[in-house]
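Residue numbers (this note's numbering): 250 to 783. Every residue, glycine too, gets a C-beta built ideally from N, C-alpha and C. So the structure is just underneath, and the comments pick up after that.
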Ligand code: GLN
């Protein structure tokens with residue numbers, strides 16, 4: 250039978266609940282337990298796919314094509330696991346299912362209510378994940394902040410689960426913020442006290458408090474939290490600022506959190522095996538050679554929009570001894586004055602980021618052109634890859650006004666066009682080409698060398714692709730189409746021989762990158778940047 254750990258958040262959102270959840274998983278994983286993790290998102294969207302990454306952060310894509318919350322990315326990276334789409338539960342999914350059941354007549358005769366129908370649906374889904382995964386421990390992170398109207402049914406459901414599953418099989422962890430007053434330097438625990446009061450009002454008494462604070466909690470602050478939040482002193486931990494995010498499980502475990510959880514959930518005597526994780530963390534610390542990368546995109550004001558890419562670059566850096574420093578280049582700004590593209594001069598490498606729609610596109614194309622003409626290492630992901638094809642068509646092949654039909658449906662040269670199976674698609678939600686797909690790499694190409702394999706699998710999220718009518722022209726112009734879908738009717742990778750490093754892919758390899766196991770294209774790119782810099 251699975252044990253459940255429920256993680257709630259107080260005071261503010263974005264206090265790092267996802268990292269704490271992942272870290273709890275790591276502490277248990279190194280103690281020999283198998284883990285799965287669920288993220289609950291209390292918004293009415295069915296999935297994250299229809300949300301602007303600028304509002305909500307990156308959309309994380311799973312193997313089975315789920316468009317999920319970015320916290321699933323944290324879980325996958327920390328735990329080196331692969332999660333299915335069911336591990337992201339939203340209000341939209343719950344209500345959709347309950348309403349469909351009501352229409353079918355499944356509840357015939359009853360008045361359908363939040364308690365028990367909605368809460369039952371929530372509990373069933375959590376238990377289904379437990380069953381399907383067969384994990385020893387199921388982590389359930391409840392998004393949002395305690396006190397939000399929209400998270401109430403979820404909190405009620407986990408409250409019920411404590412009774413139903415039993416005290417030894419459930420654990421409530423509450424993550425709060427402890428601010429430090431600038432004037433006095435004092436660590437303030439009152440917001441944490443209030444948020445625990447709020448939790449208790451709905452019937453949940455946390456077992457563990459994790460305080461997010463820039464520095465370790467003072468004994469006095471810890472004592473206050475223990476007293477007012479009604480948890481034992483040894484159940485108060487601090488998630489303080491660290492140099493490398495992957496160190497968080499180590500600092501929590503040093504404070505005794507892993508042992509405390511194992512004891513509390515009666516998981517037996519377990520000695521943690523940290524050595525492998527420690528050496529991964531160490532590789533991030535030791536990576537010292539500075540590499541400057543320009544991140545060209547349009548959601549650059551919120552770096553969470555590209556969190557998997559940022560992490561993939563860091564993983565790659567740690568593996569090759571490079572400390573990557575990323576600078577966001579807002580491509581809409583380059584469009585107003587194309588001379589501004591000169592800002593790219595100072596960088597060792599240029600990334601053109603994924604995206605949708607027309608805004609910032611001409612700026613992205615300028616960035617590709619700069620990288621191609623100035624021999625700067627270039628990596629284009631998804632939209633970045635498509636726009637590199639557009640750039641090449643326009644400037645190397647002389648196809649005037651070549652474009653993607655996503656931006657210009659009446660372009661004379663639609664080098665990027667809708668996938669044929671997309672032509673009939675009417676609903677936007679969940680209908681892109683999504684998830685893990687096989688890719689065949691051409692022998693002897695850069696892509697093949699980087700992966701060290703002919704057959705690979707990467708995750709995808711796109712509606713458009715390279716138009717087959719232009720394959721020959723692109724090849725004649727010198728571009729190598731180096732990766733294909735298994736039926737060979739879809740381009741997955743392209744590269745430019747003779748350039749130090751010019752690679753684009755329709756896929757999103759960043760979703761499979763892990764600390765200690767960097768994604769091959771990212772690793773190759775950062776290595777090329779290192780060379781460029783030295
Ligand atoms: N907008 C492009 C498409 O739909 C690229 C998507 C992306 O970058 N994820 O194909």
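Does the beta-carbon of residue i have 16 or more other beta-carbons within 10 angstroms, so that it is buried, or is it exposed?
i	result
residue 610	buried
residue 432	exposed
residue 539	exposed
residue 360	exposed
residue 348	exposed
residue 498	buried
residue 385	buried
residue 558	buried
residue 441	buried
residue 683	buried
residue 741	buried
residue 531	exposed
residue 280	buried
residue 786	Given a span of 250 to 783 for the chain in the structure shown, any question on residue 786 remains unanswerable.
residue 801	Absent from the model: residue 801. The displayed extent of the chain is 250 to 783, so no value can be given.
residue 673	exposed
residue 301	exposed
residue 788	Lying before the first or after the last residue shown, residue 788 is absent from the chain, which here runs from 250 to 783.
residue 296	buried
residue 270	buried
residue 383	exposed
residue 492	exposed
residue 687	exposed
Can you name the residues that DSSP bridges to residue i?
i	result
residue 763	766
residue 337	288
residue 255	389, 421
residue 571	538
residue 706	687
residue 316	310
residue 576	543
residue 711	682
residue 730	743
residue 605	Paired residue(s): none; residue 605 is not in a bridge.
residue 304	In DSSP, residue 304 forms no bridge with anything.
residue 600	544, 628
residue 429	436
residue 752	628, 744
Would you mind working out which of the options sits nearest residue i, comparing C-alpha positions?
i	options	result
residue 455	486, 763, 420, 489	420
residue 735	729, 685, 712	685
residue 702	709, 713, 690, 712	690
residue 284	298, 268, 325, 301	325
residue 282	780, 321, 330	330
residue 411	745, 253, 357	253
residue 366	472, 350, 379, 679	350
residue 267	296, 292, 320, 290	320
residue 636	601, 708, 668	601
residue 783	653, 722, 570	570
residue 743	493, 641, 461	641
residue 533	698, 518, 566	566
residue 621	670, 664, 746, 430	746
residue 738	669, 761, 598	669
residue 676	712, 654, 666	712
residue 563	546, 536, 585	536
residue 720	599, 332, 381, 663	663
residue 547	370, 604, 708	604
residue 763	665, 517, 494	494
Does at least one heavy atom of the ligand NAP sit under 8 Å from the Cβ of residue i?
i	result
residue 342	You won't find the ligand NAP in this model; what it holds is the ligand GLN.
### Message
Please give the ranges of any alpha helix (DSSP H) in the stretch 610-684, keeping only runs that are unbroken, at least 4 residues long and fully inside the region.
### Response
Restricted to the stretch 610-684, the alpha helix (DSSP H) segments that are unbroken, complete and at least 4 residues in length are 610-622, 632-644, listed in chain order.
### Message
Assess contact between the stretch 615-631 and the stretch 658-678, defined as three or more Cβ pairs (one per stretch) separated by less than 8 Å. Is contact present?
### Response
no
### Message
Three or more C-beta pairs under 8 Å: does that hold for the stretch 767-780 against the stretch 635-650?
### Response
no
### Query
Are the stretch 396-404 and the stretch 421-432 touching, with three or more C-beta to C-beta distances below 8 Å?
no
### Query
Can you give, in chain order, each stretch of the beta strand (DSSP E) that sits fully within the stretch 505-546 and has at least 3 residues?
538-546
### Message
Check whether the stretch 428-445 and the stretch 404-417 touch, using three or more Cβ-Cβ pairs below 8 Å as the test.
### Response
no
### Message
Taking 8 Å as the cut-off, does the stretch 524-532 touch the stretch 294-308 (at least 3 CB pairs, one atom from each stretch)?
### Response
no
### Query
Which ranges would you report for the alpha helix (DSSP H) in the stretch 437-489 if only whole runs of at least 4 residues count?
List check, alpha helix (DSSP H) in window: 439-450, 468-478.
### Message
I'd like to know if the stretch 508-516 and the stretch 270-289 are in contact, where contact means that at least 3 CB-CB pairs between them fall below 8 Å.
### Response
yes
### Message
Closer than 8 Å is the cut-off here; do at least three beta carbon pairs connect the stretch 612-630 with the stretch 581-597?
### Response
These segments touch.
### Message
With three or more beta-carbon pairs closer than 8 Å as the criterion, would you say the stretch 311-319 touches the stretch 362-380?
### Response
no
### Message
Measuring CB atoms only, is the stretch 575-586 touching the stretch 600-614, in the sense that at least three cross pairs come out at less than 8 Å?
### Response
As far as the Cβ criterion goes, the stretch 575-586 touches the stretch 600-614, which means the pair count is three or higher.
### Query
For the 8 Å Cβ check, are there 3 or more pairs between the stretch 335-346 and the stretch 703-713?
no
### Message
Can you confirm whether the stretch 252-271 touches the stretch 470-477 when touching is taken to mean that 3 or more C-beta pairs between the two stretches lie within less than 8 Å?
### Response
With the cut-off at 8 Å, the stretch 470-477 and the stretch 252-271 do not touch.
### Message
Below 8 Å, how does it come out for the stretch 456-465 and the stretch 482-490: are there three or more Cβ pairs, yes or no?
### Response
Output reads yes: the stretch 482-490 touches the stretch 456-465.
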